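Engineer: According to my numbering, the sequence shown is numbered sequentially starting from 21.
Beta carbons: idealized from backbone N, C-alpha and C, even for Gly.
Computed from a prediction, not measured in an experiment: that's the story for all the values here.
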Amino acid sequence: IHYLLARTHVTPPSVIVPVSAVMLARRAEYDQVLERFSTAVMPLVDYELEADGSLLVTNETADHYRYFDATPMAEALHRWLDEALHTELRGELDFLVRYQDTKAAMANIIDMPDHLVDLFIKIVTSNGGSLSKRKREEFVMLSDDEVSALEGVVRRHMLGTNAAAPQ
């Protein structure tokens, strides 16, 4: 789908709309759309199952695939793209903005290599806003006051809270 969108100039070549995430979240709907097509075509296909589990088609089937009604698939894809653009992409862009704001605010407190900044954000975000004692050893170069200030930055920008870290 990403290739087709880029190839037909629906999206710029460097932009990937997260339609796959929507399709994965709507797996039952995706399966139903495929099933509608398969249910109509499978009675027209003569096949045998091979010993290795592969399917051997024994009749000519090209016309069944060449001239099928793709309306249900096109409608579903439209819904998924709409959701990808209005929900998933917006969420991803919001995350990127918050992430960049977090890094900029952290840079006002301390100068750290990018990989350590990224690691700090990841650990603190996944731990609900605080750096665990076990992970503190990754950041021995930081004072307790600096850790506390950086945790506050992550909480404000990534978690949307000004609350103190959980004890």
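Could you check if threonine 122 is buried or exposed, using at least 16 other CB atoms within 10 Å of its CB as the buried criterion?
Structural biologist: Under this definition threonine 122 is a buried residue.
Engineer: List in chain order: all unbroken alpha helix (DSSP H) runs of 4+ residues lying wholly within the stretch 70–150.
Structural biologist: 82–86, 91–103, 109–127 and 134–146
Engineer: Compute the Euclidean distance between the alpha carbons of aspartate 66 and arginine 99, then round it to the nearest angstrom.
Structural biologist: Looking at the two C-alpha atoms, the distance is approximately 34 Å.
Engineer: Any contact between the stretch 160–180 and the stretch 122–137? By contact I mean 3 or more CB pairs, one from each, below 8 Å.
Structural biologist: yes
Engineer: Are leucine 105 and valine 37 closer than 8 Å when you measure CB to CB?
Structural biologist: yes
Engineer: Report the CB separation of isoleucine 141 from methionine 178 in whole angstroms; it is logged as a contact under 8 Å.
Structural biologist: 6 Å
Engineer: Below 8 Å between beta carbons: does that hold for alanine 96 and glutamate 49?
Structural biologist: yes
Engineer: Do the stretch 75–87 and the stretch 21–29 touch if we need at least three Cβ pairs shorter than 8 Å?
Structural biologist: Between the stretch 75–87 and the stretch 21–29 there are fewer than three C-beta pairs closer than 8 Å, too few to call the two in contact.
Engineer: Alpha carbon to alpha carbon, what distance is there between arginine 110 and isoleucine 129?
Structural biologist: 29 Å
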